[in-house]
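Novice:
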Amino acid sequence: MATSLEKWVEKQAELTKPDKIYWCDGSEKEARKLIEIGINEEKINGNPIFSKLNQDNWPNAYYHRSHPTDVARTEHLTFVCHPDKETAGPNNNWMDPNEAKAKLTKLSDGCMRGRTMYVLPYTMGHPDSPYSKTCIQLTDVSYVAVSMRIMTRMGKKVIDKIGNSENFVKGLHSVGDFDQNKRFVMHFPQENFVWSIGSGYGGNALLGKKCFSLRIASYQGKKEGWLAEHMIIIGIEDPQGKITYVAAALPSACGKTNLALMQPSLPGYKIWVLGDDIAWLNIGEDGRLWAINPETGFFGVAPGTSMKTNPNMIRTLKAGTFFPTLFTNTAVDTDKIEPWWEGLDGEIPKNLTDWQGNKWDPVSGTKAAHPNSRFTVSITQSPTISKEYNNPKGVPISAIIFGGKRSTTVPLICESFNWQHGVFSGASMGSETTAAATSKVGVLRRDPMAMLPFCGYNMADYFKHWLDMGKRIKNPPSIFFVNWFRTDDKGKFIWPGFGENIRVLKWLIDRINKKISAKETPIGLVPNLSDLNLEGLNIDKNNLEKLFEVDSQKWQEETEDTKTFLEQFGDRMPKEIWNELSALKKRL
Ligand code: SAT
Ligand code: MN
Numbered sequence: 038m039a040t041s042l043e044k045w046v047e048k049q050a051e052l053t054k055p056d057k058i059y060w061c062d063g064s065e066k067e068a069r070k071l072i073e074i075g076i077n078e079e080k081i082n083g084n085p086i087f088s089k090l091n092q093d094n095w096p097n098a099y100y101h102r103s104h105p106t107d108v109a110r111t112e113h114l115t116f117v118c119h120p121d122k123e124t125a126g127p128n129n130n131w132m133d134p135n136e137a138k139a140k141l142t143k144l145s146d147g148c149m150r151g152r153t154m155y156v157l158p159y160t161m162g163h164p165d166s167p168y169s170k171t172c173i174q175l176t177d178v179s180y181v182a183v184s185m186r187i188m189t190r191m192g193k194k195v196i197d198k199i200g201n202s203e204n205f206v207k208g209l210h211s212v213g214d215f216d217q218n219k220r221f222v223m224h225f226p227q228e229n230f231v232w233s234i235g236s237g238y239g240g241n242a243l244l245g246k247k248c249f250s251l252r253i254a255s256y257q258g259k260k261e262g263w264l265a266e267h268m269i270i271i272g273i274e275d276p277q278g279k280i281t282y283v284a285a286a287l288p289s290a291c292g293k294t295n296l297a298l299m300q301p302s303l304p305g306y307k308i309w310v311l312g313d314d315i316a317w318l319n320i321g322e323d324g325r326l327w328a329i330n331p332e333t334g335f336f337g338v339a340p341g342t343s344m345k346t347n348p349n350m351i352r353t354l355k356a357g358t359f360f361p362t363l364f365t366n367t368a369v370d371t372d373k374i375e376p377w378w379e380g381l382d383g384e385i386p387k388n389l390t391d392w393q394g395n396k397w398d399p400v401s402g403t404k405a406a407h408p409n410s411r412f413t414v415s416i417t418q419s420p421t422i423s424k425e426y427n428n429p430k431g432v433p434i435s436a437i438i439f440g441g442k443r444s445t446t447v448p449l450i451c452e453s454f455n456w457q458h459g460v461f462s463g464a465s466m467g468s469e470t471t472a473a474a475t476s477k478v479g480v481l482r483r484d485p486m487a488m489l490p491f492c493g494y495n496m497a498d499y500f501k502h503w504l505d506m507g508k509r510i511k512n513p514p515s516i517f518f519v520n521w522f523r524t525d526d527k528g529k530f531i532w533p534g535f536g537e538n539i540r541v542l543k544w545l546i547d548r549i550n551k552k553i554s555a556k557e558t559p560i561g562l563v564p565n566l567s568d569l570n571l572e573g574l575n576i577d578k579n580n581l582e583k584l585f586e587v588d589s590q591k592w593q594e595e596t597e598d599t600k601t602f603l604e605q606f607g608d609r610m611p612k613e614i615w616n617e618l619s620a621l622k623k624r625l
């Protein structure tokens, strides 16, 4: 007798009509075979899916060039299909589930013809974790199968675990014919189901990532009493060897990965990485908040990554284990057959092919690597992986950091007065947009908790859930706000960032440990300059003050913008959030 899982796969195959169905076992041998298939058989736009890079300098590394229209998340084609529109909220595109399915059924009819359907069994989270989830994704491209094997815990055991139950998260993915007009990423939270067609790009196609671990999982968390967040997880070790665990939310392409792999500039400090993108936060038996990273890899932005900005990431990329390392839409040095991107160390190679496969002309003014070109690499290759990484329980979180990319207004760091105030600060956070999504870059948008594109339900209910969680956590973490991106009169970043950010984290740890006081401002607590270790930095006094300046006029404008944003949610917005806004206005 076929299991529920087998029946489900069969049913999807009847619709999509692949030539073959291949059940992945997650083995190393299989990954090699999939890469071979990507090199020799499958094609995108007439090009092979993978090509081999220089194995001496970049061990086990492969190059992938996407369809030229398929380079980032497509938020306008991403839908959350609750039965009613209000549950999806103004923060999501909504379509009636039946209508969405009818639409996708039509588009999917025969979409895998001539291709192989790969069945990917995986868990998000350690299989022994009480917080992990069991999942199946179907896909018709080796690139996605290999990427999922890096990013998740994939293996045959998952199939045994599912047995004949229906209790697994389902993902159906096909690249279709890459037609943007037939591209959709549809979520069905009531059914734990994601259906994606027309794109092979990470956030649209690796369905365990944003689609499940944030959009669907955030809704599960709301029902089950936990949080799925767009956060890194790190352990900060001080010179005495004490490790403080912190989770931090920043919008896509705002330096999360750099923070997660930071090589601190202050002697004696170390940063241990547990995750660079997603955290699942549960309340432990001890009344503290515990975090696990559901993923097992980094899908990071390549441009700007170098031995100067993120040495630990370069080491990770070059570590070469049995996991392949993928580079997508970077440029390629055609002499050395190596990946290249703007900001990489060393001289610009003489002969480069750009991300679209054309010979690159340095005076053309174009970028050789796509600004959202990416690497996919196993976290296990990181020299700074935390010893707690595989702990099924996760790690206890002492602080939550929210951050955005703001050239003005927002100070380098600011501590919230309490949980409710912190939730309000997170809810009102704004950030300048980046190349991680296909929209205009550099405009300010409100991006609460860096979750605007990823919250799978009405954000008013989400804020309420955060407030409720706060009441249930006996020892809630302190909440902080950071902004590495404030600029001077000439438009240059004031704060050096990267490894120097440890100075900001040190202040945060000193605050948690109640070692120092702080200066009260209308928006929260900022450092007394004397408590910050600024030794060896060369920032002029004016600019230094600017880093912590809270300009009343600018903040009044900020509250107006926040008010307009929050008003979209109407009566559903918890009154605590409005109370915090009024209190802030009064303090200003
Ligand atoms: O959405 S992705 O996972 O592809 C990357 C990001 O935007 O954070
Ligand atoms: Mn992200």
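For the sequence shown, the numbering used here assigns the number 625 to the last residue and increments by one with no breaks.
Yeah, the Cβ is synthetic: ideal placement off N, Cα and C, and Gly gets one too.
These figures come from a predicted structure and were not determined experimentally.
Within the present structure, is the beta-carbon of D484 separated from the nearest heavy atom of the ligand MN by less than 7 angstroms?
Specialist: Against the sequence shown, residue 484 aligns to sequence position 447. D484 Cβ: outside cutoff for every heavy atom of the ligand MN.
Novice: Grouping DSSP H, G and I as helix and E and B as strand, with all else coil, what is M132?
Specialist: Translated into positions along the sequence shown, residue 132 becomes position 95. M132: coil per DSSP, three-state reduction.
Novice: In chain order, which continuous runs of the alpha helix (DSSP H) of length 4 or greater are located wholly inside the region 274-358?
Specialist: Whole alpha helix (DSSP H) segments, 4+ residues: 293-297 and 348-355.
Novice: Closer than 8 angstroms is the cut-off here; do at least three beta carbon pairs connect the region 356-367 with the region 78-96?
Specialist: Short answer: they touch.
Novice: On the DSSP bridge list, what partners appear for W60?
Specialist: Working through the sequence shown from its first residue, we reach residue 60 at position 23. V156, per the DSSP bridge assignment.
Novice: Are the region 491-510 and the region 312-324 touching by the rule of at least three beta carbon pairs closer than 8 angstroms?
Specialist: Contact holds: three or more Cβ-Cβ distances are below 8 angstroms.
Novice: Heavy atom of the ligand SAT less than 7 angstroms from the Cβ of K442, yes or no?
Specialist: Within the sequence shown, residue 442 is the residue found at index 405, counting from 1. Result no, Cβ not under 7 angstroms from the ligand SAT.
Novice: Roughly how many angstroms separate the alpha carbons of G486 and L287, rounded to a whole number?
Specialist: Along the sequence shown, read from residue 1 onward, the residue named residue 486 stands at position 449. Along the sequence shown, read from residue 1 onward, the residue named residue 287 stands at position 250. One point to set straight first is that residue 486 is Met, not Gly, in the sequence displayed. Their backbone Cα atoms lie some 7 angstroms apart in a straight line.
Novice: Compute the minimum distance between the beta carbon of S255 and the heavy atoms of the ligand MN, and state whether it is under 7 angstroms.
Specialist: To locate residue 255, count along the sequence shown from 1; it is residue 218. No, Cβ of S255 sits at least 7 angstroms from all heavy atoms of the ligand MN.
Novice: Less than 7 angstroms separating the Cβ of H267 from some heavy atom of the ligand MN?
Specialist: Within the sequence shown, the letter at position 230 stands for residue 267. Correct: H267 has its Cβ closer than 7 angstroms to the ligand MN.
Novice: Do the CB positions of P559 and R483 come within less than 8 angstroms of each other?
Specialist: Within the sequence shown, residue 559 is the residue found at index 522, counting from 1. Within the sequence shown, residue 483 is the residue found at index 446, counting from 1. Against a cut-off of 8 angstroms, the Cβ pair of R483 and P559 comes out as no contact.
Novice: Report yes or no: do the region 197-204 and the region 370-384 share at least 3 C-beta pairs separated by less than 8 angstroms?
Specialist: With a cut-off of 8 angstroms, the region 370-384 and the region 197-204 do not count as touching, because too few Cβ pairs lie within range.
Novice: Please enumerate, following chain order, all residues with a beta carbon closer than 5 angstroms to at least one heavy atom belonging to the ligand MN.
Specialist: Output, sorted by chain position: S289 and D314.
Novice: What residue range does the alpha helix (DSSP H) around Y99 cover?
Specialist: Here residue 99 corresponds to residue number 62 of the sequence shown, with the count starting at 1. Careful: Y99 lies outside any alpha helix (DSSP H), inside the beta strand (DSSP E) at A98 to H101.
Novice: Could you pull out every residue in the same chain whose Cβ sits closer than 7 angstroms to the Cβ of L114, ignoring the five residues on either side in sequence?
Specialist: The residue you call residue 114 lines up with position 77 of the sequence shown. Once the five neighbours on either side are set aside, the close Cβ partners of L114 are R220, F221 and V222.
Novice: Is the region 410-423 touching the region 335-348, taking contact as three or more C-beta pairs under 8 angstroms?
Specialist: Yes: at least three Cβ pairs fall under 8 angstroms.
Novice: Mind reading off the beta-carbon distance from R609 to D498? Whole number of angstroms is fine, and I expect it under 8 angstroms.
Specialist: The residue you call residue 609 lines up with position 572 of the sequence shown. The residue you call residue 498 lines up with position 461 of the sequence shown. 7 angstroms between Cβ atoms; contact.
Novice: Flag G245 as yes when its Cβ comes closer than 7 angstroms to any non-hydrogen atom of the ligand SAT, and as no otherwise.
Specialist: Numbered from its first residue, the sequence shown carries residue 245 at position 208. False, no ligand heavy atom lies under 7 angstroms from that Cβ.
Novice: DSSP three-state label for E78, please.
Specialist: Looking up residue 78 in the sequence shown gives position 41. Reduced to three states, the DSSP call for E78 is coil.
Novice: Report yes if the CB atom of I329 is closer than 8 angstroms to the CB atom of Y168, and no otherwise.
Specialist: For the purposes of this step, residue 329 is taken as residue 292 along the sequence shown, with counting starting at 1. For the purposes of this step, residue 168 is taken as residue 131 along the sequence shown, with counting starting at 1. Contact: yes.
Novice: For S453, which residues in the same chain have their Cβ closer than 6 angstroms to its Cβ, ignoring the five residues on either side in sequence?
Specialist: Along the sequence shown, one-based indexing puts residue 453 at 416. Same-chain partners within the cutoff: G459, S462, I516 and G561.
Novice: Under a Cβ-count criterion, where at least 16 other Cβ atoms within 10 Å of its own Cβ denotes burial, should M496 be classed as buried or exposed?
Specialist: Within the sequence shown, numbered from 1, the residue matching residue 496 stands at position 459. Buried, because 16 or more other Cβ atoms sit within 10 Å of the Cβ of M496.
Novice: For the ligand SAT, I want to know if G239 counts as a neighbour, meaning its beta carbon is within less than 7 angstroms of at least one of the ligand's heavy atoms.
Specialist: Looking up residue 239 in the sequence shown gives position 202. Checking every heavy atom of the ligand SAT against the Cβ of G239, one is found closer than 7 angstroms.
Novice: Run the proximity test for R110: is its beta-carbon closer than 7 angstroms to any non-hydrogen atom belonging to the ligand SAT?
Specialist: Counting from 1 along the sequence shown, the entry for residue 110 is found at position 73. Yes.
Novice: Determine the closest residue to F606 out of E123, E274, P429 and F116, with distance taken between C-alpha atoms.
Specialist: Stepping through the sequence shown from its first residue, residue 606 is reached at position 569. If we check each option's Cα against that of F606, E123 comes out closest.
Novice: Considering G467, what are the terminal residues of the beta strand (DSSP E) in which it resides?
Specialist: As a position in the sequence shown, residue 467 is number 430, starting the count at 1. Start and end: G467 to E469.
Novice: According to DSSP, simplified to helix, strand and coil, what is R150?
Specialist: Counting from one through the sequence shown, the residue named residue 150 turns up at place 113. Reduced to three states, the DSSP call for R150 is coil.
Novice: Check whether the Cβ of F335 sits closer than 7 angstroms to any heavy atom of the ligand SAT, and report yes or no.
Specialist: For this step, residue 335 is matched to residue 298 along the sequence shown. Flag unset: Cβ of F335 not near the ligand SAT.
Novice: Would you mind sorting P429 into buried or exposed? The rule is 16 or more other CB atoms within 10 Å of its CB.
Specialist: The residue you call residue 429 lines up with position 392 of the sequence shown. Label assigned to P429: exposed.
Novice: Using a Cβ-Cβ cut-off of 7 angstroms (strictly less than) and excluding sequence neighbours within five positions of A68, which residues of its own chain qualify?
Specialist: Numbered from its first residue, the sequence shown carries residue 68 at position 31. Within the same chain, A68 has close Cβ partners V183, R186 and P361.
Novice: Please say whether H267 and L244 have beta carbons closer to each other than 8 angstroms?
Specialist: Position 207 of the sequence shown, counted from the first residue, corresponds to residue 244. Position 230 of the sequence shown, counted from the first residue, corresponds to residue 267. Taking 8 angstroms as the Cβ cut-off, L244 and H267 do not qualify as a contacting pair.
Novice: Is A473 near the ligand FAD - that is, is its Cβ less than 7 angstroms away from at least one heavy atom of it?
Specialist: Annotation note on the ligand FAD: not contained in the displayed structure, which lists the ligand SAT and the ligand MN as its ligands.
Novice: In chain order, what residues of the same chain have a beta carbon less than 8 angstroms from the beta carbon of K583, not counting five sequence neighbours either side?
Specialist: For the purposes of this step, residue 583 is taken as the residue at position 546 of the sequence shown. Within the same chain, K583 has close Cβ partners R523, D525 and I531.
Novice: Please return the same chain residues whose Cβ sits closer than 8 angstroms to the Cβ of P55, not counting the five positions on each side in sequence.
Specialist: As a working note, residue 55 is residue 18 in the sequence shown. Excluding positions up to five away in sequence, the list reads M149, R150, R152, T153, M154 and D177.
Novice: Are there 16 or more other CB atoms within 10 angstroms of the CB of T599, so buried, or fewer, so exposed?
Specialist: As a first step, residue 599 is located in the sequence shown; it is residue number 562 there, counting from the start. Counting Cβ neighbours within 10 Å, T599 comes out buried, since at least 16 surround it.
Novice: Do you know whose CA, among G493, S554 and K48, lies nearest T142's CA?
Specialist: The residue you call residue 142 lines up with position 105 of the sequence shown. Minimum Cα distance to T142 is reached at K48.
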